[in-house]
Structures are given as C-alpha cells and as structure tokens.
Amino acid sequence: MKIQVTFLFLLFFIGNGYSQKCSNYDDCISHRNSTNNKEDQVKYATKAIKYAKKEGKNPSEAYFYRGISYYYLVSKENKPSEIKKAEDDFLAAIEADPSYYWSYSWLGSVYGNLTKEYEKGVANYNKYISKNPNAAFPYRDRGSMHNYYGKPELALNDYSKAYKLIVSKENTLKINDEKRSDIILDYVKIIQEQNNETVYTPETLAILESALTLAPSEPYVMGEYALACFDNDDVSKALYIARKTIEKEKSLKSYEYKNSGASFVLGFMDFENKNYRYAANSLSVAYTNRRKPHPAVSFYSAVADHTYYATIATNLWSVNINKIKEKYNESIKLSEGTKFEYLIADAKMHIDEIDNPNTTPQESENQEHDFKQFLVNFNQLPSNYTLDYNTIQGRDISGLAMTKKYISNGSTVSAIGLINSCDNGYVFLLMYVNKRKYTTTIDFLALTTDLKGNGTSSENITSSQIDMGETTILGTFSIRINGDNYTINTEQEYTATGKKNSRTINGSCN
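Residues are numbered in our numbering as their position in the sequence shown, beginning at 1, plus a constant of 24.
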C-alpha cells in the first residue's frame, strides 16, 4: 500500500512538475519560454497571469505568450478548439498594453490564417496604424493580408509605404534586420508579380541594394541582391556579394547551405570554370530553395546536372533524366520575353540530346576519317614536359569533327601533344580556352581514346582563370612519361590568398 501511494505521488509530481518550479510572474514567463511543449507553455503562462494579479503587474506579456502557444496548438498540432482562446488572449494583451504592436500582428495572423476573416484582420491593423502612422511593419502585415486575399493593388500600396518608411528612417517601430529584409523582399515580390517579371530589373535591383545598409545581417536578401546584380550584367559584383553572403551564412549558428541567390552565382561561376561537380551541387541548392522561379537558375541547374550525371556520376544518369528535362522545360517557359530568351534554343537542343542519344549512321561511317584528321595534329611530348605559358604552342583543332565530339562547350581547343600511344589507344594533351564577358579560363585535359577514336576517359589536369584582366587562379603542371605510363604533377595557386592545391595523376594508355 505504501508503494502504491508513493507511485501515485510520483505520477502527480511528474505530471505537474511545471508548477513546482514557477514561483512568481517573471519566473513563470521564464519557464514558459524555456520549454517547447505547447501545453506546458499554456500552463506556465496561465500561472503567470494569476501571479500578475497578486503582484500588481501588467499581464500583457503573459496573455501574449499564451496566445502564441494556443496559435501553434491550432496550426501545428491541429487543435481547432483553441482558436477562440488565441484570439481572446491577443485581445486581452492589446487591452492591457495597446502600444505593443506584436499583439496586433499575431491577432492579424489569427484572422488571416485561422478564422479567414479578412475584414477583421484589416480592421485590426487599421486600429494600430491610425495611432501610429509611421510604424513600418504594420503596413507590411496589412499588405500581406491584402495580397493573400487577392487585393494586389492595396498590397502594393502598403508594401511601398513600409519600404519608404524604413528607407527614410521615419519608421517609429523598432525592428531588426530580419523584419527589414521581409519588407524589402515583399515589396520586390509584389512589383514582380504586378509586372509579370521573373528577372530582376534595374528598379528591383535598386530596392534590393538597400539591404546593404538596411538588412546586412540577413543572408537570404543579400543572396537575392547577388542574383539581381547577375541579372543586370554586373557579374563581378554578383560574385563578390555571393561570396560574402555565404561567409555570413556560415558564421550563423543555424547555418544551412540553402541560399538560392548566392548559390546560383557561385554555381554559375563553377560551371563556367568547368568545375562540374561543384556547379551541380551549388546550382541544385539554388534551384531547390528558390522562392520564386528564375529562368537562369532553372536552365543552369539543368545543364550542370546534365553534364555532371552524363560524364561523371554516370551510374545516376538514368534516375535524373526526367528531372533534368523538367528543369529545361521550365527554363523555356520562364525565359520567354526576358533577357534570357537566348537560353530557349540551348534548352531545346539539350532536351533533343537526351531524347536522341545515339549517333547517326553517317557519323559512324565518317569517324575513322575524322579521327585521322584529329590524330595528325599531335606530336609526341618529351619524356619530361613542364608547362610554360610563355612558350606553349598548340594547333587550333576547334573546328574538327572529333574535337566537337569530345569537347562540345564552344571553347577554343588546341592540340598540345601526345602523352602516350600504345596497342590499346592514345592519351592526348589538350588545352581549351573559354572566353566570357568577364572571365577567361584556360583548362588542360588528358583525353584517352581507343585506336578508333572512341573516348574512353578524360582527366582535368589543371586550369587558370583571369577575372577582369587579372589572373586569379594560376595552374601549372609537369608530365613524366615512362613507356605506356605517365605521371602528372599539378598545382593550382589562388593568387588573392596565396593558397596552393597540389595533386598527382597517374595514368596509362593500356
């Protein structure tokens, strides 16, 4: 009997443990905020309300916190019976402290998201705005209510008002970078929706640029600013902002690699520089985490995946085909009428490549002739060869049919020399140069073929990069040839930091 009584006492103690630690108003509020259990949060806040009466304190904070807990019990734990309790608590919080805006904000969420009462929601925001006409965030919240209920013109007016208040510094309601970022992003989004835009224009670029001073600690809006710079042909600034944004994200405790805008810019540069593995990863992050579809993000995510899975992770090609085609088709629709319209032809061409992967009979008949034309351009390299940019010579083979088969990215390709030839095939040293508006890359490739010219493998040796006329990456290598085998020692130096990466490649034509 004694054991049974003790057991019941323990059950009572455990079940009511929250109340044993809560001894005054502030203590109850502290305990409410330290637990994630919504039911316990309600109990702590309820006890805080009782203590407020005993201690002569304003209960607004306790009503506010209990209202939030009820709200989440409805929205996250599917308990609709708590809707009225949430509404009543926010009303009580406002009555106890009508100057505290966030009670109005949460009450607006009750009307907008839970009870679906548009008029009540707008009236709630109007009540606060009438007494605080220069408070920015209430206009943002009211604008979101208008937009959600299909009144975009009213939403545009409110978003514009909120934005102008934070830019002019006339805003009277203190808010942090996150909320200023919300105002900027919502304003840009409504402008794009009104104008049916998928690409950032000079107007929306200027709005996003204000985040540099208004919300510098918020990575998402900074990433969108980087993408806007890209859209407006300032690739150098886009790259700078993207790198700074990712650095900022990594410094946050809650870091997750999912910044769409910054990841796109970095992925695009990786793709341009033939770093297809990194490009596929970054562009996948950009595509997956886009809040609003973008033609270049869809296209380059598709083409990076296409290249990566078709040439590197070939065992995963078949399971990714449909998704790649889906991205290409999406980019076609999004690019229409935009500055990226030129991508449509490329997207259609790549879809055709996927649907018709086999070479034509005529191509097969001509391959022997084409490979002979290719082979004659390569002289045997010495047994010890070191790259020297001042003396390097090569034959331009860009126009040859076999070159286009091996390297189909539009680069200028030069034959540097023959590393190996043996009974099974050849190993060629190629250099290809890709010139873009802001960046020139020089890549070196060891290409292995069989005796008929069928490409069996390729190895990227090293690359150099020139950005805006300055060498930012300097790649060098040396080759030692011993019969059918060879060893390549490579080094890449990042000139801005002096960091060097070295590796050794061992190969054979057998």
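Virtual Cβ for every residue (Gly too), placed ideally from N, Cα, C.
query: Alpha carbon of P385 to alpha carbon of F395, nearest angstrom; result: Only weak support is given to the placement of P385: the predicted model assigns it a pLDDT of 43, under 50, and the value that follows is read from those uncertain coordinates. Each residue's Cα considered, the two are about 16 Å apart.
query: Limits of the beta strand (DSSP E) - the one that L471 falls within; result: T463 to D474
query: Straight-line Cα distance separating T222 from S133; result: 29 Å
query: Pairwise C-alpha distance: D294 and L10; result: In the structure displayed, the chain extends from 25 to 534; residue 10 sits before or after that span and is not available.
query: DSSP-derived helix/strand/coil call for V400; result: coil
query: Helix, strand or coil at M426 according to DSSP, with G and I counted as helix; result: helix
query: Alpha carbon of N131 to alpha carbon of K261, nearest angstrom; result: In the sequence on display, residue 131 carries Leu and not Asn. So the two alpha carbons sit approximately 42 Å from each other.
query: CB of A117 within 8 Å of CB of F88, strictly; result: yes
query: S489 - partner residues in DSSP beta bridges; result: First, the amino acid is wrong: residue 489 is Gln here, not Ser. Note: Q489 sits in a beta bridge opposite T465 and I497.
query: Proximity winner among A230, T511 and Q417, relative to Y455 (alpha-carbon distances); result: According to the sequence as given, residue 455 is Met; it is not Tyr. It is Q417 whose Cα lies nearest to the Cα of M455.
query: 8 Å CB neighbourhood of K524 in its chain, flanking five on each side removed; result: E515, Q516, E517 and Y518
query: Simplified DSSP assignment, three categories, for T410; result: strand
query: Straight-line gap, I19 to G361 (C-alpha atoms, nearest Å); result: Outside the displayed range of the chain (25 to 534) lies residue 19, so it cannot be described from this structure.
query: Close-in-space but distant-in-sequence residues of the same chain around S481 (CB under 7 Å, 5 per side omitted); result: T472
query: Rounded Cβ spacing between Y281 and V259 (contact assumed at less than 8 Å); result: Y281 to V259, Cβ: 22 Å. No contact.
query: Buried/exposed call for T410, threshold 16 Cβ in 10 Å; result: exposed
query: Check whether Y224 and S184 have beta carbons under 8 Å apart; result: no
query: Any 3 or more C-beta pairs closer than 8 Å across the region 68-79 and the region 97-105; result: no
query: The region 266-274 touching the region 286-293, judged by at least three CB pairs closer than 8 Å; result: yes
query: D113 beta carbon less than 8 Å from that of G91; result: yes
query: Residue closest to P317, alpha-carbon to alpha-carbon, out of K459, N220, I53 and E392; result: N220
query: Start-to-end residues for the beta strand (DSSP E) that takes in T436; result: T436 to C446
query: Proximity of T535 and I440 at Cβ, strictly below 8 Å; result: Outside the modelled stretch of the chain, which goes from 25 to 534, sits residue 535, for which no answer is possible.
query: For A250 and I231, believed in contact at Cβ under 8 Å, the rounded distance; result: That pair is no contact at about 14 Å.
query: Beta-carbon proximity of G423 to A470, cut-off 8 Å; result: no
query: Cutoff 8 Å: Y333 Cβ touching any chain B Cβ; result: No chain B appears in the structure shown, which is made up of a single protein chain.
query: Rounded C-alpha distance that separates E85 from S154; result: 23 Å
query: I505 (DSSP reduced to helix, strand or coil); result: strand
query: Cβ separation of N448 and I505, assumed to be a contact under 8 Å, to the nearest whole Å; result: Actually they are not in contact, since the Cβ atoms of N448 and I505 sit about 16 Å apart, beyond 8 Å.
query: Cut-off 8 Å between Cβ atoms - residues of its own chain near V191, not counting five sequence neighbours on either side; result: S234 and L238
query: S526 versus N513 - alpha carbon distance; result: 7 Å
query: DSSP-derived helix/strand/coil call for V457; result: strand
query: Contact belief for K81 with Y124 at Cβ below 8 Å, rounded distance in angstroms; result: Not confirmed; about 15 Å, so no contact.
query: Check whether P240 and E273 have beta carbons under 8 Å apart; result: no
query: Alpha carbon of D508 to alpha carbon of E483, nearest angstrom; result: 17 Å
query: Beta-carbon proximity of K62 to S93, cut-off 8 Å; result: yes
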